[in-house]
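Student: Residue numbers (the working numbering), protein chains in the order written: chain H, -1 to 517; chain V, 13 to 403; chain R, 4 to 323.
The beta carbon of each residue, even a glycine, is placed where N, CA and C say it ideally should be.
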Amino acid sequence: MAEEYVVQMKGITKVYPNGIAANQDVDFNVRKGEIHALMGENGAGKSTLMKMLFGLEQPTSGEIWVNGEKVNLSSPAVAISKGIGMVHQHFMLVPSLTVAENMVLGMVPKKSGLFIDQKKAVEITEEYSRKFNLEVDPNAKVMDIPVGMKQKVEILKALVRGAKILILDEPTAVLTTQETTELFRELVNLKNQGYTLIFISHKLNEIMEITDRMTILRGGKSMGVHETKDVTAEEISRLMVGRDVVLKVQKDKAQPGDEVLRVRDLEYVNEWGKKMLDKVSFSLRRGEILGIAGVEGNGQKELVDMLFHLNVPNAGTATVNGENILGVSQRKIREKGVSLVPEDRMLYGIAGAASIQENMIADRCGSKRLNKGPMFDMKSIHAEVDQLIQDYTVLCKSGSQRVDNLSGGNIQKVVVAREFSNNPCLIIADQPTRGIDVGATEFIRKKLVELSRAGVAVLLVSADLNEVMELSDSLMVMCGGRIAAYFEDTSELSDEVMGEYMLGLKRQTPEEVRRVCHE
Amino acid sequence: MNEKKAMQAARRRSLTFTLVRGAAAIGIALLVAAVLIFVSADGDRLAHTGEALRQLLIGPLFRSNGSINVKNICDVLAAMIPTIFTGLATCVMFSANQFNLGAEGGIMLGAFVSALFAVYVPLPAGVLPVVAVLAAAAAVSVMMLIPAVLKAKLGVSEMVNSLMLNYVVMYLIKYLLNTHLADKTKGQIQSYPFQEQARIAPLIDNGSMLTWGFVIALIFVVLTSLFMYRTRWGYGIRMIGINQDFARYSGMNVAAIVILSQVLGGALAGIGGGVEMLGRYSAYSWNALPGYGWTGITVAILAGNNPAFVPLAAFFMAYLNKGCLLMSTYCGVPSQLIDILQAVIFVFFAAKQFLAKYRQRLVVKGAQEELAAQKAAAAEAAAETAEGSVK
Amino acid sequence: MLQLIFNTDFFFSILRITAPILFATLGAVVGEKAGVSNIGLEGTMMVSALFGSLTTYWSGSWAVGLVVALFCGVLVSLLMGFFAFNLKTDIILTGIAVNMIGSGGTLFLVKVITQQTEGKALASTTSLITAAHQIPSWNIPLIKDIPILGPILSGHCILTYVAFLLVFLTWVLLYRTPLGLNIRSVGENPNAASSVGVSVLKIKYIAIGFSGLMAGFGGAFMSMYYSMGWSLDMVAGRGFIALAAQAMGAGEPVGSMLSALVFGFAQAFSIKVSSKGIDSNLVTPIPYLVTILGLVAFALVLRHRVKKQHSASALEKTAK
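(1) What number of angstroms, rounded off, separates the C-alpha of G222/R from the C-alpha of N89/R?
(2) Assuming I214/H and M206/H are in contact, meaning their beta carbons sit under 8 angstroms apart, how far apart are those beta carbons, in whole angstroms?
(3) At which residues does the alpha helix (DSSP H) containing I2/R begin and terminate?
(4) Given a cut-off of 8 angstroms on the beta-carbon distance, is the pair L103/H and V140/H in contact?
(5) So, using beta-carbon positions, are L292/R and V180/V closer together than 8 angstroms?
(6) Tell me the residue span of the beta strand (DSSP E) that contains R480/H.
(7) Among I82/H, L112/H and Q116/H, whose alpha-carbon lies nearest the alpha-carbon of L95/H?
(8) Is T61/V close to chain R, meaning its C-beta is less than 8 angstroms from at least one C-beta of that chain?
(9) Do you know how far the Cα of V186/H is from the Cα of K30/H?
(10) In whole angstroms, give me the CA-to-CA distance for K311/R and A263/R.
(11) Below 8 angstroms between beta carbons is the criterion; list the residues of the stretch 244 to 262 of chain V that meet it against any residue of chain H, in chain order.
(12) Just to confirm before moving on: does the CB-CB distance between V172/V and F243/R stay below 8 angstroms?
(13) Return yes when the Cβ of M92/V is within less than 8 angstroms of the Cβ of F361/V, no when it is not.
(14) In chain H, which residues lie with their C-beta within 7 angstroms of the C-beta of P181/R?
(15) Are any of the Cβ atoms in chain V nearer than 8 angstroms to that of Y291/R?
(16) Output, in chain order, the set of chain V residues within a Cβ distance shorter than 8 angstroms of I42/R.
(17) If we count the other Cβ atoms within 10 Å of its Cβ and call it buried at 16 or more, is F9/R buried or exposed?
(18) Under three-state DSSP, which class holds H86/H?
(19) Classify L503/H: buried if its beta carbon has 16 or more other beta carbons within 10 angstroms, exposed otherwise.
(20) Determine the direct distance from the alpha carbon of V339/H to that of L367/V, and round the result to whole angstroms.
(21) On the DSSP bridge list, what partners appear for D428/H?
(22) Taking Cβ positions only, does V201/R come closer than 8 angstroms to chain H?
(23) Out of K334/V, S273/V and W245/V, which one is the CA nearest neighbour of R66/V?
(24) Under 7 angstroms Cβ-Cβ, which residues of chain R neighbour K186/V?
(25) Between the beta-carbon of V359/V and the beta-carbon of T97/R, is there less than 8 angstroms?
(26) With 8 angstroms as the threshold, decide whether the Cβ of N318/V is near any Cβ in chain H.
(27) My understanding is that A315/V touches G118/V, with C-beta atoms under 8 angstroms, so please give their C-beta distance in whole angstroms.
(28) Since I believe V5/H is in contact with L36/H (beta carbons under 8 angstroms), could you give me their beta-carbon distance rounded to a whole number of angstroms?
(29) Taking the alpha-carbon positions, what's the Q249/R to F220/R distance?
(30) Does the beta-carbon distance from A115/V to V270/V come in below 8 angstroms?
(31) How about P302/V and I212/V: do their beta carbons lie closer than 8 angstroms?
(32) Determine, using beta carbons only, whether L89/V and V322/V come nearer to each other than 8 angstroms.
(33) My output table needs one value for A213/V: the three-state DSSP class, helix, strand or coil.
(34) Do G71/V and M339/V count as a contact pair if the criterion is CB distance below 8 angstroms?
(35) Pull out every residue of the stretch 239 to 251 of chain R whose Cβ sits closer than 9 angstroms to any Cβ of chain V, in chain order.
(36) For a quick check, are the C-beta atoms of S106/R and W233/R less than 8 angstroms apart?
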């Protein structure tokens, strides 16, 4: 029966140079013409496995067979030549080039044997665009087109290179519900034309909707292959995380106090002249968790950047306890009691090559209690760090271990331990549990609730609808750089209502939105 | 207990790797040297190459009759003085990820400024050298402010600016030396002689120029190490070197630290210039960049930007340099071979992937050992709980 | 005084002086487009200058010398690439190593090869290169007879013309050929390039090889035309000035050429001034100072642009 498989990965083990074993003895088989889900939590080894199938990484041991032939996928070029294409989660596009140029990159049509044939490139793009019913603008620069179109360019790029097997790495992560529906239609269409699709995701409903079979990974090991129609969502969930996911968060009703954060008429135009923040106004009070929901790219990131001076707005004001925080150095912002759990923890959250200890004292290295005269008081530093490691259950050998040797969840715990422990009055938590394991997620969510009930104001930005609806006391929806809706009480909210506001189908009146200013 | 063992094993592996790698880099450099000497030799090439390599490797240690050559060893130690300082300066600047290459001009300026003090400022013994060296440190700090501030405030490449400044400093010193400051009674271009009380006294009186400057250099090694690893400013310097975005986000004043690292680097280079000038010379006569800045970069790279290892690296470079000089004297091999040796050792040391396969093997072995240990521990725990449930 | 300085001779000398800087600048431009910062241009030029002049002397033909100079430039830069790309040495440190070889290392080689061992730093090849070995100049028909422009533009070393022609060719390479597309995409998003099977490694080698080729031209120009022979530190920071010109030209061939001309102007000016009796040690640093000032000016312009974008006026534009 082996010949029915177009892809066979046998006994794959991958050990990275830092000693992390991302895959251990994994078997992965895909039938021709199916949509096969590769599931697992972040860090389960899905991406590593697929990188090996696309030639970006080489297995430490194990064999890969494609179309019944044993192959050595030493580079993406080899993988492409075997008919494998990959649509990456982070788009592999060159922003300053046009769609057509991106399409033909690496296989550029020439004229006079030397120069780029621009016309031909556009023709090729249009031809494939029509053939697969994926609409793109060949002459637009990639940096100017919307996310959904970028993804279509990615799919077309794989197809134009003759891919018969398409790997899609969390393709819906950046899409709106509408765009997702459209994508699924296109994927089924491709399947009907005989293409094989490998679909990486950890969203259960999507998997149930369009896949035929699935392979589940957990902790770098395979948890077996299943026919989608034969398993329930609950079973999958158990296989993925090893226990029932607790989504409910226990919390008392909020008792909001004085206003802490006050944002008024914040406006920002990005470098390509697109208005990312449009008169954003809101207030956040002591003891409440204010959630910001929305499809990514609707101004949430920009808002957080402004509040922590990672960017400068064009107009508007923002104050913490009455004091301005716009255009003020991060040190001053932190002195006012503001903490930020950054969205990109590897960029802002940690210094990878430094130790856990060095990462934990970053915001307080100048404080009196950790210094004796001009020198560090190493004793107090060790004591404080050991306490934090214990309190936040960071799984490590010691505080002197390099932080980038930890798993994602433990790295985030290091970040959170630092940000939560310096007596903040305001915590901005930007995607605080993205891509980390269930245990760490639960821990961080509990801590957030605990802190808010102790009187801290929490601004929670999350693309995870479940998280933002469960944790928040009140909730704003951002769409197109504006606050599209405000809900004072989240307990009665339904996903459908949220979806309509997130996608811009509905919008509250300015008066309704204005309630978030508590004036 | 298991964790501790694993940590120790990991440390041992990384030490083994560092040693093997260092030896390999040096081995390759010596091989290159041997080939170059062999190709350039006349007559009996093999014998000639052998003799030259002997001079290079053990010449600094032994006389031809086999006895230990104290004078040569002192020369080597004396030669470490300027490169320890430029090495420390580079360590501080490179730790902050500031590729400032101005230690070269800095040490020249430091030497020049301290020489001016030594010639013209009437201060008593004991005070004058200290003031002269401090003035040198101040002058070079000010010089480094230029690339530092431009980098911190405007984002201009400190590398290009510091290189340009090296040339500017050199020509201005040459101009001053040629015109206003020249001792016209001397055949070569040089300043008037230093006042006797300006000199830094020799440590051993054997004509080797091994002065108290060597002790000062070692003191600064300790001070710089403490500064980098035991103070908040040194910590800040290392953090912006690892991840500048993280440092800014954590509330550190990145611009100030960028400036601090380079000004401090400048001060160290300046002190080095002063100590070298007042220890070794009796009048100022440098009219070209001395090359200590570049050697300092090699020293810093060999030391892995850790000040504590700078003396070791500086010794190594000084030893090689002495060997090259002896080789040039006795075997006619041009002493500039040191520059080629330096470049070869340098690139292999800084090469992250050099012998990476060997390291990967070590790591994989380590990971397997760890997994095995974990399994054993888990089995033990399972056995224990089983026992417990039985009871 | 001004008339004494600003005559046709002066403008002729600007072009002559700019040529070697321009070669190195184009090398820096293509390198940076592929994300490769080649700070070893200085040392590469020294090596090329040495071997170019030596082979010219041995063969008696400047053409052979030029070819060898180019070959050496490419060889040195490919070696740099090997360390930087394959062994993952920091590219800046690799450049520093090349510059070490370019200064002391070349002196070692010249002593060994020519058996000159007198003195410390006196060995050079200046005694070997005569006018007969020099790369020839070209009087352009018709243009040479135009008043004012003729004496400025005509009669240059053929490599000077090659340098300015290469500005255009480099632009075509970058923006009109598949290779240029690959170079730009490797510099901007190497993952994107490798994901479609473009070998990032190969493109980076091509880019650094190109910059080595340019350094080879620059080195040959220095030792086989400009200075007539190799001597220690003869490149005198031109490789570094090229990096500044690249930055000031925003990494584009034409803009970088204009910046290179600014430095050419500064140096021509300082030479003119020192010939009028002012101490050369005072005027020689002028081009280096101009480089610093130029970089500052460029940074200020950039900052102004960024500020403008954050101003309230940017809001109005989008409102309309």
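Tutor: To lay it out plainly:
(1) Counting from 1 along the third sequence, the entry for residue 222/R is found at position 219. Counting from 1 along the third sequence, the entry for residue 89/R is found at position 86. Rounded to the nearest angstrom, the two C-alpha atoms are 27 angstroms apart.
(2) Locating residue 214/H in the first sequence gives position 216, where the first residue counts as 1. Locating residue 206/H in the first sequence gives position 208, where the first residue counts as 1. Wrong, their Cβ atoms sit about 13 angstroms apart, outside the cutoff.
(3) Because chain R in this structure spans residues 4 to 323, residue 2/R falls outside the shown range and cannot be described.
(4) In the first sequence, residue 103/H corresponds to position 105, counting from 1. In the first sequence, residue 140/H corresponds to position 142, counting from 1. No, Cβ-Cβ distance for L103/H and V140/H is not below 8 angstroms.
(5) Taking the first residue of the third sequence as 1, we reach residue 292/R at position 289. Taking the first residue of the second sequence as 1, we reach residue 180/V at position 168. A contact, by the Cβ cut-off of 8 angstroms.
(6) As a working note, residue 480/H is residue 482 in the first sequence. Residues R480 to F485.
(7) On the first sequence, position 97 is the one that residue 95/H refers to. Among I82/H, L112/H and Q116/H, the Cα nearest to that of L95/H belongs to Q116/H.
(8) Walking along the second sequence from the start, residue 61/V turns up at place 49. Taking Cβ atoms only, chain R never reaches closer than 8 angstroms to T61/V, which makes this a no.
(9) For the purposes of this step, residue 30/H is taken as residue 32 along the first sequence, with counting starting at 1. For the purposes of this step, residue 186/H is taken as residue 188 along the first sequence, with counting starting at 1. One alpha carbon belongs to K30/H, the other to V186/H, and they sit about 14 angstroms apart.
(10) Your numbering for residue 311/R matches position 308 in the third sequence. Your numbering for residue 263/R matches position 260 in the third sequence. Roughly 28 angstroms separates the two Cα atoms.
(11) R244, Y247, G248, R250, M251, I254, N255, D257, F258, A259, R260, Y261 and S262
(12) The residue given as residue 172/V occupies position 160 in the second sequence. The residue given as residue 243/R occupies position 240 in the third sequence. Yes.
(13) As a first step, residue 361/V must be located in the second sequence, where it is residue number 349. As a first step, residue 92/V must be located in the second sequence, where it is residue number 80. Contact: no.
(14) Reading the third sequence from its first residue, position 178 is the one you call residue 181/R. Within 7 angstroms Cβ-Cβ: V106, K108 and I114.
(15) Working through the third sequence from its first residue, we reach residue 291/R at position 288. Interface residue, yes.
(16) Taking the first residue of the third sequence as position 1, residue 42/R is located at position 39. Those are M171, listed as they occur along chain V.
(17) To locate residue 9/R, count along the third sequence from 1; it is residue 6. With fewer than 16 other Cβ atoms within 10 Å, it is exposed.
(18) One-based indexing of the first sequence puts residue 86/H at position 88. Shown here, H86/H sits in coil according to DSSP, grouped into three states, outside any helix or strand.
(19) Translated into the one-based positions of the first sequence, residue 503/H becomes position 505. Per the 10 Å Cβ criterion, exposed.
(20) Numbered from 1 along the second sequence, position 355 holds the residue referred to as residue 367/V. Numbered from 1 along the first sequence, position 341 holds the residue referred to as residue 339/H. Going by the C-alpha atoms only, they are around 38 angstroms apart.
(21) The residue you call residue 428/H lines up with position 430 of the first sequence. The partner list for D428/H (beta bridge, DSSP) reads V459/H.
(22) Here residue 201/R refers to the residue found at position 198 when the third sequence is read from its first residue. At least one chain H Cβ lies under 8 angstroms of V201/R.
(23) Along the second sequence, one-based indexing puts residue 66/V at 54. When only C-alpha atoms are compared, the closest one is K334/V.
(24) Within the second sequence, residue 186/V is the residue found at index 174, counting from 1. Chain R residues near K186/V: N284.
(25) Within the second sequence, residue 359/V is the residue found at index 347, counting from 1. Within the third sequence, residue 97/R is the residue found at index 94, counting from 1. It is a contact, given that the beta carbons lie within the stated cut-off.
(26) As a position in the second sequence, residue 318/V is number 306, starting the count at 1. Between N318/V and chain H, the shortest Cβ-Cβ separation is not below 8 angstroms.
(27) Taking the first residue of the second sequence as position 1, residue 315/V is located at position 303. Taking the first residue of the second sequence as position 1, residue 118/V is located at position 106. The pair is not a contact, with the Cβ atoms about 18 angstroms apart (cut-off 8 angstroms).
(28) Locating residue 36/H in the first sequence gives position 38, where the first residue counts as 1. Locating residue 5/H in the first sequence gives position 7, where the first residue counts as 1. 11 angstroms between Cβ atoms; not a contact.
(29) To locate residue 249/R, count along the third sequence from 1; it is residue 246. To locate residue 220/R, count along the third sequence from 1; it is residue 217. Going by the C-alpha atoms only, they are around 17 angstroms apart.
(30) Translated into positions along the second sequence, residue 115/V becomes position 103. Translated into positions along the second sequence, residue 270/V becomes position 258. No, the Cβ-Cβ distance between A115/V and V270/V is not below 8 angstroms.
(31) For the purposes of this step, residue 302/V is taken as the residue at position 290 of the second sequence. For the purposes of this step, residue 212/V is taken as the residue at position 200 of the second sequence. Taking 8 angstroms as the Cβ cut-off, P302/V and I212/V do not qualify as a contacting pair.
(32) Within the second sequence, numbered from 1, the residue matching residue 89/V stands at position 77. Within the second sequence, numbered from 1, the residue matching residue 322/V stands at position 310. At least 8 angstroms separates the beta-carbon of L89/V from that of V322/V.
(33) Here residue 213/V refers to the residue found at position 201 when the second sequence is read from its first residue. Coil.
(34) Position 327 of the second sequence holds residue 339/V. Position 59 of the second sequence holds residue 71/V. Yes, these two residues count as a Cβ contact at 8 angstroms.
(35) A239, G240, F243, I244, L246, A247 and A250
(36) Translated into the one-based positions of the third sequence, residue 106/R becomes position 103. Translated into the one-based positions of the third sequence, residue 233/R becomes position 230. Their beta carbons are not under 8 angstroms apart, which means S106/R does not touch W233/R by this criterion.
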